[in-house]
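Colleague: Dropping the structure in here first, questions after.
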Amino acid sequence: MSRIFLVGAGPMMDGGACRVTAHAWRTWHFVSALRHADHEVALYTVSQTISPLDPLGQFAEPRTRDGVAYENLDMRAGNMLAYLIERYQAFRPDCVIGVSTEPASWACRMRPTVPVWADLHGWVMAEAQLKAARDGNDDILSLGELATVGRLNRHNVRHDLVVTIPSSVDFTSLAKPSETDCIRRLVGGDDAFVVLWSGSFNTWTDAATLFDALEWVMTRDSTVHFVATGGAIPGHVDSVFEAFSERVSRSPHGSRYHLVGWVGSHEFPAYLAGSHLAVCVDFPCLETSVGTRTRLVEAMAYGLPVLITRGTELSTELEREHIGWVLAPGEPQALGERILKCAGEREQTASMGKRARRFVEQHYAIEQTMEPFLRWADRPCFAPDNALKRGESPTIFEAATNRLESDARALDDIEDIPSLAEARRELERLRSQRRSRLWRFWQRR
Numbered sequence: 000m001s002r003i004f005l006v007g008a009g010p011m012m013d014g015g016a017c018r019v020t021a022h023a024w025r026t027w028h029f030v031s032a033l034r035h036a037d038h039e040v041a042l043y044t045v046s047q048t049i050s051p052l053d054p055l056g057q058f059a060e061p062r063t064r065d066g067v068a069y070e071n072l073d074m075r076a077g078n079m080l081a082y083l084i085e086r087y088q089a090f091r092p093d094c095v096i097g098v099s100t101e102p103a104s105w106a107c108r109m110r111p112t113v114p115v116w117a118d119l120h121g122w123v124m125a126e127a128q129l130k131a132a133r134d135g136n137d138d139i140l141s142l143g144e145l146a147t148v149g150r151l152n153r154h155n156v157r158h159d160l161v162v163t164i165p166s167s168v169d170f171t172s173l174a175k176p177s178e179t180d181c182i183r184r185l186v187g188g189d190d191a192f193v194v195l196w197s198g199s200f201n202t203w204t205d206a207a208t209l210f211d212a213l214e215w216v217m218t219r220d221s222t223v224h225f226v227a228t229g230g231a232i233p234g235h236v237d238s239v240f241e242a243f244s245e246r247v248s249r250s251p252h253g254s255r256y257h258l259v260g261w262v263g264s265h266e267f268p269a270y271l272a273g274s275h276l277a278v279c280v281d282f283p284c285l286e287t288s289v290g291t292r293t294r295l296v297e298a299m300a301y302g303l304p305v306l307i308t309r310g311t312e313l314s315t316e317l318e319r320e321h322i323g324w325v326l327a328p329g330e331p332q333a334l335g336e337r338i339l340k341c342a343g344e345r346e347q348t349a350s351m352g353k354r355a356r357r358f359v360e361q362h363y364a365i366e367q368t369m370e371p372f373l374r375w376a377d378r379p380c381f382a383p384d385n386a387l388k389r390g391e392s393p394t395i396f397e398a399a400t401n402r403l404e405s406d407a408r409a410l411d412d413i414e415d416i417p418s419l420a421e422a423r424r425e426l427e428r429l430r431s432q433r434r435s436r437l438w439r440f441w442q443r444r
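Numbering-wise, the sequence shown is residues 0 to 444 according to numbering that gives the first Met the number 0.
Have a look at this one:
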């Protein structure tokens, strides 16, 4: 058994949370897998976006999920890093784990002297590229960080530094629907065919294609209803959902659009249970090609059939295994035709959902996906180059195996770069003065 200090994304699906991100969903899967393997875990989550739906009343908010106590931290507080370091030092773990990019960065900034596992869920630079396109601001530069700081070196040439862990499902804690008729009340009857969108309308969401497809099918089938749980991401991207909502308000079928907004994590399973088809419509872009769609993995775990546009890794697997419908992006009529066909063949549509659930049980359960991570957690170890540095320095932060790392260490010691740059400019100004030039001339003689 290992003592593990874990920094993840929060809040998790603990009953009171409304906006639960894919990162928080993934954090729970790491925690659950470690708990089932009998490891001792000290858990701290970081609220990446403080949603009005999930306000934080204090800096460190005690919460509980399935008997696991943890603290959800407000990262806007200036003392969060010091707080994490204090808790880390008091716990004296065998290793540190950061789940998702931002929490992993906080875990590494603690400068732990034990092995670290950093789970990078999603690709921040691909998301930033799309946000730049939306915002009209292209001031983004991406570099190969591992190479520039010397981590891709001769010591690691035969070592796997990266393990791929797909979006997973913890079937042991999959919440049961709190009720079964919330959808029926929403749409006003039993004969409706409900198309469900769950989660955010993010930068890569092709909301225009989605809306045009829904309009096409609603004109032809009066039983089709659209339900959206989720919506805008406060502080990140609001425009996509706002544009979609504005078009809905002008639609002749507006009464069949139900934009519910973010719902409590304890309520959401009822929406999955009452729907007939889950959809996700993306732009063809870099984020789509390297990303997945956790919301659809969750839908399949509940036996809900899914329809997705081609591009993500998940869409490739669905198409290969014939466990969902995959369509070309940017084609609203094709999307509408498939929804219309699903609505007209409800038994076959439901059967697809059952096949999808069986596949997820076999390939996406945390017992399978977390296996390489749990092997490491049983015996946490450094990468070969860091193991070598540990032999030279107890902190490993004072040792380097090549010049790039030496330069990076030197930069670590410089905290006030603007002041250093200003001092350099002042030095250049002094050197350019006439007296200084005369003195250098005299010295050369």
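Where is the CB? At the ideal position from N, CA and C, for every residue including glycine.
Is residue 427 helix, strand or coil when you go by DSSP?
Modeller: Translated into positions along the sequence shown, residue 427 becomes position 428. Of the three classes helix, strand and coil, the one that applies to residue 427 here is helix, per DSSP.
Colleague: Are the beta-carbon atoms of residue 261 and residue 230 separated by less than 8 angstroms?
Modeller: Numbered from its first residue, the sequence shown carries residue 261 at position 262. Numbered from its first residue, the sequence shown carries residue 230 at position 231. Going by C-beta atoms, residue 261 is nearer than 8 angstroms to residue 230.
Colleague: Is it the case that the Cβ atoms of residue 170 and residue 364 are separated by a distance below 8 angstroms?
Modeller: Walking along the sequence shown from the start, residue 170 turns up at place 171. Walking along the sequence shown from the start, residue 364 turns up at place 365. Yes, Cβ-Cβ distance for residue 170 and residue 364 is below 8 angstroms.
Colleague: Whose CA, out of 272, 254, 158 and 208, lies closest to the CA of residue 182?
Modeller: If you number the sequence shown from 1, residue 182 lands on position 183. Answer by Cα proximity: 272.
Colleague: How is residue 196 classed by DSSP in three states: helix, strand or coil?
Modeller: The residue you call residue 196 lines up with position 197 of the sequence shown. Note: residue 196 maps to strand in three-state DSSP.
Colleague: Going along the chain, which residues of its own chain have a beta-carbon closer than 7 angstroms to the beta-carbon of residue 38, five neighbours each way excluded?
Modeller: Looking up residue 38 in the sequence shown gives position 39. Closer than 7 angstroms at the Cβ level, and outside the excluded window around residue 38, lie 0, 1, 3 and 376.
Colleague: Starting from residue 380 and walking both ways along the beta strand (DSSP E), at which residues does that stretch end?
Modeller: Mapped onto the sequence shown, residue 380 falls at position 381. That residue, residue 380, is in no beta strand (DSSP E); it is neither H nor E in DSSP.
Colleague: Enumerate in chain order the residues of its own chain whose CB-to-CB distance from residue 252 is below 6 angstroms, with the five nearest sequence positions on each side excluded.
Modeller: As a working note, residue 252 is residue 253 in the sequence shown. Only 217 meet the Cβ criterion.
Colleague: Nearest CA to the CA of residue 401: which residue from 7, 155 and 381?
Modeller: By one-based count along the sequence shown, residue 401 stands at place 402. For residue 401, the nearest C-alpha among the options comes from 155.
Colleague: Pull up the CB-CB distance for residue 75 and residue 69, whole angstroms please, since I reckon it's below 8 angstroms.
Modeller: Position 76 of the sequence shown, counted from the start, is the residue given in the question as residue 75. Position 70 of the sequence shown, counted from the start, is the residue given in the question as residue 69. Not a contact, Cβ separation roughly 19 angstroms.
Colleague: Would you check if there are 3 or more beta carbon pairs closer than 8 angstroms linking the region 277 to 293 to the region 340 to 349?
Modeller: No: the two stretches stay apart, fewer than three of their Cβ pairs being nearer than 8 angstroms.
Colleague: So does the region 317 to 337 actually touch the region 375 to 392, counting three or more Cβ pairs closer than 8 angstroms?
Modeller: Verdict: no, contact absent.
Colleague: Assuming residue 233 is part of the alpha helix (DSSP H), what are its boundary residues?
Modeller: For the purposes of this step, residue 233 is taken as the residue at position 234 of the sequence shown. Taken as a continuous stretch (DSSP letters only), residue 233 belongs to no alpha helix (DSSP H), as it is neither H nor E.
Colleague: Give a yes or no on whether the C-beta atoms belonging to residue 320 and residue 358 are separated by under 8 angstroms.
Modeller: The residue you call residue 320 lines up with position 321 of the sequence shown. The residue you call residue 358 lines up with position 359 of the sequence shown. Going by C-beta atoms, residue 320 is nearer than 8 angstroms to residue 358.
Colleague: Three or more beta-carbon pairs under 8 angstroms between the region 367 to 375 and the region 103 to 112, yes or no?
Modeller: No contact exists between the region 367 to 375 and the region 103 to 112.
Colleague: Could you check what DSSP says for residue 35 in three-state terms: helix, strand or coil?
Modeller: The count along the sequence shown starts at 1 and reaches residue 35 at position 36. Of the three classes helix, strand and coil, the one that applies to residue 35 here is helix, per DSSP.
Colleague: Spatial neighbours of residue 310 within its chain, please: C-beta separation below 7 angstroms, excluding the five flanking residues on both sides.
Modeller: Taking the first residue of the sequence shown as position 1, residue 310 is located at position 311. Cβ neighbours of residue 310 beyond the five flanking positions: 281, 283, 287, 288 and 328.
Colleague: Between 246, 27, 295 and 429, which has its C-alpha nearest residue 45's C-alpha?
Modeller: Residue mapping note: residue 45 aligns to position 46 of the sequence shown, counting from 1. Checked all of 246, 27, 295 and 429; the closest Cα to residue 45 is 27.
Colleague: Could you name the residues that DSSP lists as bridge partners for residue 248?
Modeller: Walking along the sequence shown from the start, residue 248 turns up at place 249. Beta-bridge pairing links residue 248 to no other residue.
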